[in-house]
Amino acid sequence: MSANVPPTDQPRRPRLPRLRQMPGGPGVPPPTRPPSTPVIWLLAAGIVLSLALVAFLVWLTVLTPRPTSGAPTATLTVITATPETAAPTQAPGSPTPEATATPPPAPPTEPPPTPPPGQIAIGARVQVVGTGGAGLSLRQQPDPNAPRLAIAAEGEVLEIIGGARQIAGYTWWQVRRGDGVEGWAVQNYMQVVP
1 MSANVPPTDQ PRRPRLPRLR QMPGGPGVPP PTRPPSTPVI WLLAAGIVLS LALVAFLVWL
61 TVLTPRPTSG APTATLTVIT ATPETAAPTQ APGSPTPEAT ATPPPAPPTE PPPTPPPGQI
121 AIGARVQVVG TGGAGLSLRQ QPDPNAPRLA IAAEGEVLEI IGGARQIAGY TWWQVRRGDG
181 VEGWAVQNYM QVVP
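My numbering puts the first residue of the sequence shown at 1, with every later residue one more than the last.
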């Protein structure tokens, strides 16, 4: 045996590591662990999706076109049947009434007058010019903020069917494309076709 160790009859106990004492002392629960990485990612994804939903709802309410006029009002029409009355009968031997003359038919309506050459008027045909290839917007109403129905290409020929109206500093004409689409367009980009 070794000189430094006194002999003992008892077996030697293994040495156990010393336990750390938890902060707060006995009876205090140990501190909780921070949330794991998947939980953090789920929370972040939930926040991002919530923000995207809010942005989409704001976009729908702000950018959705609204009608410019008030809500349409319903008109109630009541139709009642009138009782049928018996036609007067003629006594035998009485004179037969004479037929009355039918008024002559109304004279035929004349087509709209031909506009003076070079001047835009109803019935004139105009060509889209000066848009730099962007085309001319055909709008639902004569207003630069009205919904766009179509775009007439540079050089396209249109027929003037209504107008002229002065709105927002522009002269507007109602036009019809060759495919039947009708809308309002600004005069600045039209030239009469001879």
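Ideal Cβ positions, reconstructed from N, Cα and C, are used throughout, including at glycine.
The structure displayed is predicted, hence computed values, not measured ones.
| Asked | Found |
| --- | --- |
| What whole-angstrom Cβ distance do P147 and I167 have, given they're in contact under 8 Å? | Not quite, the Cβ-Cβ distance comes to about 15 Å (not below 8 Å), so this is no contact. |
| If we ignore side chains and look at the alpha-carbon of each, how far apart do I160 and V54 end up? | 45 Å |
| DSSP three-state label for A168, please. | coil |
| Quick check on R13: buried or exposed, where buried means 16 or more other Cβ atoms within 10 Å of its Cβ? | exposed |
| What are the start and end residues of the beta strand (DSSP E) that includes I122? | Note, I122: premise wrong, no beta strand (DSSP E); not H, not E. |
| With distance defined between alpha-carbon atoms, name the residue in V157, Q174 and W59 nearest to P194. | V157 |
| Are there 16 or more other CB atoms within 10 angstroms of the CB of S50, so buried, or fewer, so exposed? | exposed |
| Considering only DSSP beta bridges, list what L129 is partnered with. | Note that residue 129 is Val in the sequence shown here, rather than Leu. Answer is none; V129 lacks a bridge partner. |
| What did DSSP end up calling A134 once you bin it into helix, strand or coil? | coil |
| With a threshold of 7 Å on Cβ separation, who are the neighbours of I120 within its own chain once the five nearest residues in sequence on each side are excluded? | V126, I160, W173, Q187, M190 and V192 |
| Do R139 and G183 have their CB atoms nearer than 8 Å? | yes |
| Pull up the distance between the alpha-carbon of I40 and that of R18, whole angstroms please. | 35 Å |
| When we look at the beta-carbon of L136 and count the other beta-carbons within 10 Å, is it buried (16 or more) or exposed? | buried |
| Using the Cα positions of V129 and G46, report the straight-line distance between them to the nearest angstrom. | 52 Å |
| What does the alpha-carbon distance come out to for the pair G133 and I122? | 26 Å |
| Pick helix, strand or coil for L195, following the three-state DSSP scheme. | Missing from the structure shown is residue 195; the chain here goes from 1 to 194 and no further. |
| Within its chain, find whatever has a CB closer than 6 Å to the CB of Y170; leave out the 5 residues flanking it on each side and keep chain order. | V186 |
| Report the partner residues of T159 according to the DSSP bridge assignment. | Checking the displayed sequence, the identity of residue 159 turns out to be Glu instead of Thr. According to DSSP, E159 bridges with R125 and R176. |
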